[in-house]
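Colleague: Pasting in a structure now, in structure tokens, and then I'll have a few things to ask.
Numbering (our numbering), first residue to last: 3 to 610.
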């Protein structure tokens, strides 16, 4: 549960790894790092989110490499964020003393995070203060694969063995004997460490305290735009920051998660690289952020995706953060995987899949953008109207669906529903602005697709819509998203029945939902998985739309209580133990926190 002032707790390392709940996220809009409850940084890719990792003990605690600042004989620890910022505090208590480590990926002085421009300095700041007693502090900088280091200017030049082209510079306010050192400190002492890349600061003032203050100020300025005042307000504000930490500020794209190959479940093979921009995930994110005051991110995303489409000549489901093709998927036998869960994967094999929902995601974003004052140029409309024409044909063809099955394509109901969204939004935009296009055909096709879903996907015996357009009664929690995208009325009898069926048949217990059952809905991969967090937020939204506000609020609160003490959520949750599974933090899950909170507050306000 999110706790801005958490108690100390013991540090656990099952199988040599911190639980995913015990990791905090910091970032600068270009890359991100995970900071452990034990003072380690077990994950950071440089210089970008999707670069090779410099530290990846997260995927191999013995060989992956880490940046550790921790007292000997560590007993317990706690973590919290500086309010409304991406600056993280970790307090660590040893047998002899107490230290506080403050971590941030530094931002430029005066940085405007709402602007489409880089704001990071290319510097990781780790600032340690001894709050009580005496400590022997271990400082270890061990890049994955090892590194050469020598004294240079006011610190150490570090060249990782696996990436000789990456030059790191480690500076400190105290002498460093090498990449491994021990500092004996007592109450009031301070140790400042700054790891830089991309440039060296031979004549640059060394002032970590000012860097941390400037970084916190930049975050607080950005958060002034947040206009949310509803249930779980503190957690929703934290979710907005988490999404921003997954955002590439210069490009306008957004990673699905800043990590790769975290398993769902532990010991399984469902381990994927999420450090890329899925059209779907980014579209969901900008919808959510716009609803609480952050419109700039939505504008930047639409421009980014249209540029990406232009370069790729056809819409892909995911891109690199620069809008290029995602690398081929490879397996890394050199890493054992989180808690022994292999394989570790880089790149993503789903990048070339056919997923028809992409057309609706983009046209939905464009419609929202235009409703809030955006201007549409002829070239942009030519691209958008072309997507509508494509959707009018594509819905008839099988695809891999929302969940990117690795088996044979099928006619997914959700994909047809999002083709309906593409046609409906294109018709709305054209009608509103008097733009050219086959508007009458788009409108007729959109209406017909809604009717076809209700007719062909419905299974009378199972009393539910089905995951496939040819019926069969097989369930998928993605059906809950159809009314949220205005494909079907949320209170239509067949949608109400489907909501009931999903709640009963896909229940994982405690308000959690499986996205589908693998014995009914094979996806081409072995093994089962955990409960998918976003699906339960979709259930909240359906309950709201059906007037069941008390049930919705109870479910929403229970889901929010599953966040980590730092307010972070993973992709999935083990329904038996409650532990996090899959890549984390996951943008999808934080989107649900925001969107359902907004929907609850609006429904409550309307009923007052």
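Built from N, CA and C at the ideal position, the CB exists for glycine as well.
Count the other C-beta atoms from every protein chain shown that fall within 10 angstroms of the C-beta of residue 184, then say buried if there are 16 or more, exposed otherwise.
Modeller: Exposed is the call here.
Colleague: What are the boundary residues of the alpha helix (DSSP H) that includes residue 592?
Modeller: First-last of the alpha helix (DSSP H) with residue 592: 589-609.
Colleague: Under the assumption that residue 72 contacts residue 99 (Cβ atoms under 8 Å), give the Cβ distance between them as a whole number of angstroms.
Modeller: That pair is no contact at about 12 Å.
Colleague: Determine the extent of the beta strand (DSSP E) in which residue 612 is found, giving its start and end residues.
Modeller: This structure cannot speak to residue 612, because the chain is shown only from 3 to 610.
Colleague: Mind the definition here: the segment 89-98 touches the segment 157-174 only if three or more C-beta pairs lie below 8 Å; say whether that holds.
Modeller: Verdict: no, contact absent.
Colleague: Between 561, 78, 288, 371, which has its C-alpha nearest residue 1's C-alpha?
Modeller: This structure does not reach residue 1, given that the chain is present from 3 up to 610, and the question cannot be answered.
Colleague: Less than 7 Å between the C-beta atoms of residue 81 and residue 109, yes or no?
Modeller: Cβ atoms of residue 81 and residue 109: not closer than 7 Å.
Colleague: State buried or exposed for residue 301, treating a residue as buried only when at least 16 other CB atoms are found within 10 Å of its CB.
Modeller: Burial call: buried.
Colleague: Assuming residue 392 is part of the alpha helix (DSSP H), what are its boundary residues?
Modeller: Residue 392 -> alpha helix (DSSP H) spans 380-396.
Colleague: At which residues does the alpha helix (DSSP H) containing residue 422 begin and terminate?
Modeller: 415-435 is the span of the alpha helix (DSSP H), which, as asked, contains residue 422.
Colleague: Go to residue 217, then tell me how far its beta strand (DSSP E) extends in each direction, as first and last residue.
Modeller: First-last for residue 217: 210-225, but that is the alpha helix (DSSP H), not the beta strand (DSSP E).
Colleague: When you compare the CB positions of residue 343 and residue 269, do they come within less than 7 Å of one another, or not?
Modeller: Against a cut-off of 7 Å, the Cβ pair of residue 269 and residue 343 comes out as a contact.
Colleague: Is the beta carbon of residue 173 sitting closer than 7 Å to the one on residue 156?
Modeller: It is a contact, given that the beta carbons lie within the stated cut-off.
Colleague: Using the three-state DSSP reduction, which class does residue 185 fall into: helix, strand or coil?
Modeller: Three-state result, residue 185: strand.
Colleague: State yes or no: is the C-beta of residue 479 within less than 7 Å of the C-beta of residue 519?
Modeller: Cβ distance not < 7 Å, so residue 479 and residue 519 don't count as in contact.
Colleague: I think residue 452 touches residue 514, with their Cβ atoms under 8 Å apart; what is that distance to the nearest whole Å?
Modeller: Contact flag wrong, Cβ pair sits at about 30 Å.
Colleague: With burial defined as no fewer than 16 other Cβ atoms inside 10 Å of the residue's Cβ, what is the status of residue 3: buried or exposed?
Modeller: The residue in question, residue 3, is exposed, as its Cβ has fewer than 16 Cβ neighbours within 10 Å.
Colleague: Label residue 361 either buried or exposed according to how many other C-beta atoms from any shown protein chain fall within 10 Å of its C-beta, with 16 as the threshold for buried.
Modeller: Buried.
Colleague: State the DSSP-derived secondary structure class of residue 35, mapped to helix, strand or coil.
Modeller: If DSSP states are grouped into helix, strand and coil, residue 35 belongs with the strands.
Colleague: What number of angstroms, rounded off, separates the C-alpha of residue 190 from the C-alpha of residue 214?
Modeller: Taking the straight line from one Cα to the other gives about 18 Å.
Colleague: Hey, quick one: how far does the beta strand (DSSP E) through residue 332 stretch, first residue to last?
Modeller: Where residue 332 is concerned, the enclosing beta strand (DSSP E) stretches over 332-334.
Colleague: Could you check the C-alpha separation between residue 388 and residue 438 for me, to the nearest Å?
Modeller: Spanning the two alpha carbons is a distance of roughly 11 Å.
Colleague: What is the rounded straight-line gap between the Cα of residue 330 and the Cα of residue 585?
Modeller: Straight-line Cα distance between these residues: approximately 19 Å.
Colleague: Using three-state DSSP, classify residue 536 as helix, strand or coil.
Modeller: DSSP places residue 536 in helix when its eight states are reduced to three.
Colleague: Under 8 Å, with one C-beta from each stretch per pair, do the segment 273-281 and the segment 348-359 reach the 3-pair mark?
Modeller: Flag = yes, the segment 273-281 and the segment 348-359 touch.
Colleague: Given this structure, state the Cα-to-Cα distance separating residue 548 from residue 320, to the nearest angstrom.
Modeller: About 34 Å.
Colleague: My output table needs one value for residue 278: the three-state DSSP class, helix, strand or coil.
Modeller: Residue state, collapsed to three classes: coil.
Colleague: For residue 487, which residues in the same chain have their Cβ closer than 6 Å to its Cβ, ignoring the five residues on either side in sequence?
Modeller: Same-chain partners within the cutoff: 423.
Colleague: Return yes when the Cβ of residue 124 is within less than 7 Å of the Cβ of residue 67, no when it is not.
Modeller: Against a cut-off of 7 Å, the Cβ pair of residue 124 and residue 67 comes out as no contact.
Colleague: Three-state secondary structure (DSSP) at residue 46?
Modeller: Strand.
Colleague: Thinking just about the alpha-carbon of each residue, which of 152, 141, 230, 404 is nearest to the one in residue 193?
Modeller: Comparing Cα positions, the closest option is 141.
Colleague: Are the Cβ atoms of residue 87 and residue 224 separated by less than 7 Å?
Modeller: Their beta carbons are not under 7 Å apart, which means residue 87 does not touch residue 224 by this criterion.
Colleague: Tell me whether residue 262 sits in a helix, a strand or coil according to DSSP, three-state version.
Modeller: Looking at residue 262 - three-state DSSP - the assignment turns out to be strand.
Colleague: Are residue 594 and residue 539 close, meaning C-beta to C-beta below 7 Å?
Modeller: Their beta carbons are under 7 Å apart, which means residue 594 touches residue 539 by this criterion.
Colleague: Residue range of the beta strand (DSSP E) that residue 108 falls in?
Modeller: From DSSP, the beta strand (DSSP E) with residue 108 extends over 99-109.
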